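Basically my numbering = 1-based index in the sequence shown + 20.
The beta carbon of each residue, even a glycine, is placed where N, CA and C say it ideally should be.
All values derive from a computational prediction rather than experimental measurement.
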Amino acid sequence: MAEMPASRWSAWFSGCAGLNKGCSARTVRRRRVLVVQLRVIDTHDQLQSRADDWNDLWRRSETALPTGQAEPLLVWLRHFAAELPFRALVVEDHERLVAALPLIGRRGAGVLPIAASAGNQWSSAGELLLDREADVDGAADLLCEGLRALPWPLAWFRGARGSSRAWHLLVERFGQAGMPARRQAMFQVGQVCLPDDFADMERAWSGNHRRHLRKAARRVEAAGGCDLQIYRDLSPAEVEPLVRTGFEMEHRGWKGVAGGSVLASDAILKFFFEQARALAAAGNLRLLFLSHRGQPIAFEYGLAAKGHYFSLKVAYDEAFARFSPGQLLRYRFFEDQSRRAPGTIVDFMGPLSDATGKWVNHVDDVDALMLGTWPRIGGAVIAAMGVARRARNQWRAVRAEGPSVGTAAPLPAH
21 MAEMPASRWS AWFSGCAGLN KGCSARTVRR RRVLVVQLRV IDTHDQLQSR
71 ADDWNDLWRR SETALPTGQA EPLLVWLRHF AAELPFRALV VEDHERLVAA
121 LPLIGRRGAG VLPIAASAGN QWSSAGELLL DREADVDGAA DLLCEGLRAL
171 PWPLAWFRGA RGSSRAWHLL VERFGQAGMP ARRQAMFQVG QVCLPDDFAD
221 MERAWSGNHR RHLRKAARRV EAAGGCDLQI YRDLSPAEVE PLVRTGFEME
271 HRGWKGVAGG SVLASDAILK FFFEQARALA AAGNLRLLFL SHRGQPIAFE
321 YGLAAKGHYF SLKVAYDEAF ARFSPGQLLR YRFFEDQSRR APGTIVDFMG
371 PLSDATGKWV NHVDDVDALM LGTWPRIGGA VIAAMGVARR ARNQWRAVRA
421 EGPSVGTAAP LPAH
């Protein structure tokens, strides 16, 4: 594990004065010189050896997503980035991690070498982690130094949450150092804060949504009823048959026909088995099933931590579409969770849609962040992308408006 000494510490003093009011100048000076340092973890084995330290930092960070822990990150790396360069920038204080940023090296648009965040269309993986009780400004400055020393001219992070203080701080400190940075909106994700009184939540829904749920409930009750099973305390050895059962529903539907289901690929199914075992071992896995007459008709693969629930994968049996099984599963789960743990924030993970928009009472922005780690090359790429995006938006606006007044009519054919 390579060590990179700190060279800029002005932010340490201001951050300590603002965030650690009990910290004396002598203590800050001693820590500045002898203790706090940036290191680079550059192999999966090194990350595995620091897994306990990494997970301890995750617990102290603002990040609630369980895939930010070391074991789920390692699972993702083994399955999707085994041959790609890996770097994790970590900031240590007395050998205790206070910041971490995992990266993989790849080619953007198949051409430009970039540092990128882990994660793909199948699952998130790895997160920017900052200890909320540490000197976050000083830690962010050290991460910026580490970014500028990377062997890639551009760092590209897709999926950064707009509500994340850590990402805002990193981009801010990067820009203050005179480095090019750009934030680009990707989509909005829906969230639900479950109230103490579930009836309050029901009253906030649209009339159409309430009527649809009542009609679906009457239909399924008339046909024999349905039951919700929530698996919260599974051991790693128990997850595989349940995960397979859930994804079999997905495979029987349109995703299976299109070849985009989990079961359409043995490699993807193995990834979810391994991820589920890692999450179950940490107590973060939630598997939800809605059953009708003993047969599962809807499924959700979810993650839970720090008062949050994340809906990662959903499926339902299309043969029972008349019952709206996916919506009924969600209704039953929200009702149960509001009783067990009011205040839980449910996060739908993907772009806001008609299916999720009926439930939400809050949205969060999801952005792509571009940082020019080599100012000339990275800055030129960021500037070019900005110009291209503006031109594309202007062209779309022109097309939406239609021909302007005075546009010449086409010449008649001869």
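For LEU150, the closest alpha carbon among the candidates ASP113, PRO133 and ALA135 is that of ASP113. The beta carbon of GLN249 sits closer than 6 Å to the beta carbons of PHE309 from its chain, once the five residues preceding and following it are set aside; these are given in chain order. In this structure, the CA atom of SER183 is about 10 Å from the CA atom of VAL383.
Taking the Cα positions, GLU82 is about 12 Å away from ARG181. In terms of CA proximity to LEU348, PHE319 leads the group MET369, GLN196, PHE319 and ALA339.
When secondary structure is reduced to three states using DSSP, GLY128 falls in the strand class. About 18 Å separates the beta carbon of ARG126 from that of VAL60, a gap too long to meet the 8 Å contact definition. Less than 8 Å divides the Cβ of ALA324 from the Cβ of ARG306. Distance from the Cα of CYS213 is smallest, within the candidate group PHE368, VAL401, MET269 and ASP385, for PHE368. Within the DSSP secondary-structure output, VAL209 pairs in a beta bridge with PRO371 and ASP384. In this structure the segment 278-285 does not lie against the segment 222-237, because fewer than three pairs of beta carbons, one per stretch, are closer than 8 Å. For LYS290, the enclosing alpha helix (DSSP H) begins and ends at 286-301.
For GLN141, no beta strand (DSSP E) encloses it, and the DSSP letter there is neither H nor E. Remark: C-beta atoms of ASN304 and PRO86 approach each other more closely than 8 Å. For the pair LYS290 and PHE100, the Cα-to-Cα distance works out to about 12 Å. The C-alpha of LEU189 is placed about 10 Å away from the C-alpha of GLN196. Taking all protein chains in view, the Cβ of GLN315 is surrounded by fewer than 16 other Cβ atoms within 10 Å, so the residue is classified as exposed.
The Cβ atoms of TRP176 and ILE134 lie closer than 8 Å to each other. The secondary-structure analysis by DSSP pairs ASP247 across a beta bridge with SER311. Cβ neighbours of GLY322 within its own chain (closer than 7 Å, five residues either side excluded): ARG306, LEU308, TYR329, PHE330, SER331 and LEU332. Pairing PRO362 with TRP187, the inter-Cα distance amounts to about 28 Å. Nearest in C-alpha terms to CYS246, of all of ASP337, ILE365 and ARG313, is ARG313.
Here the alpha carbons of ILE397 and GLN357 stand approximately 50 Å from one another. In the DSSP assignment, HIS328 falls outside any alpha helix (DSSP H) and within the unbroken beta strand (DSSP E) covering 328-336. Non-local beta-carbon contacts of ARG202 in its own chain, meaning distances under 6 Å to residues more than five positions away in sequence, involve MET390 and ILE402 in chain order. A Cβ-Cβ separation of about 4 Å places GLY146 in contact with ALA138 under the 8 Å criterion. In this structure, CYS164 and ARG193 form a Cβ contact; the two beta carbons are roughly 5 Å apart against a cut-off of 8 Å. Rounded to the nearest whole angstrom, the C-alpha separation of GLN89 and ASP387 is 21 Å. Nearest in C-alpha terms to ASN140, of all of TYR351, ALA375 and GLY179, is GLY179.
The C-alpha of ALA278 is placed about 9 Å away from the C-alpha of HIS271. Setting aside the 5 residues that flank it on each side, ARG152 is surrounded in the same chain by ARG80, SER81 and GLU82, each with a C-beta closer than 8 Å to its C-beta; the list follows chain order. Annotated three-state conformation of GLU103 is coil, per DSSP.
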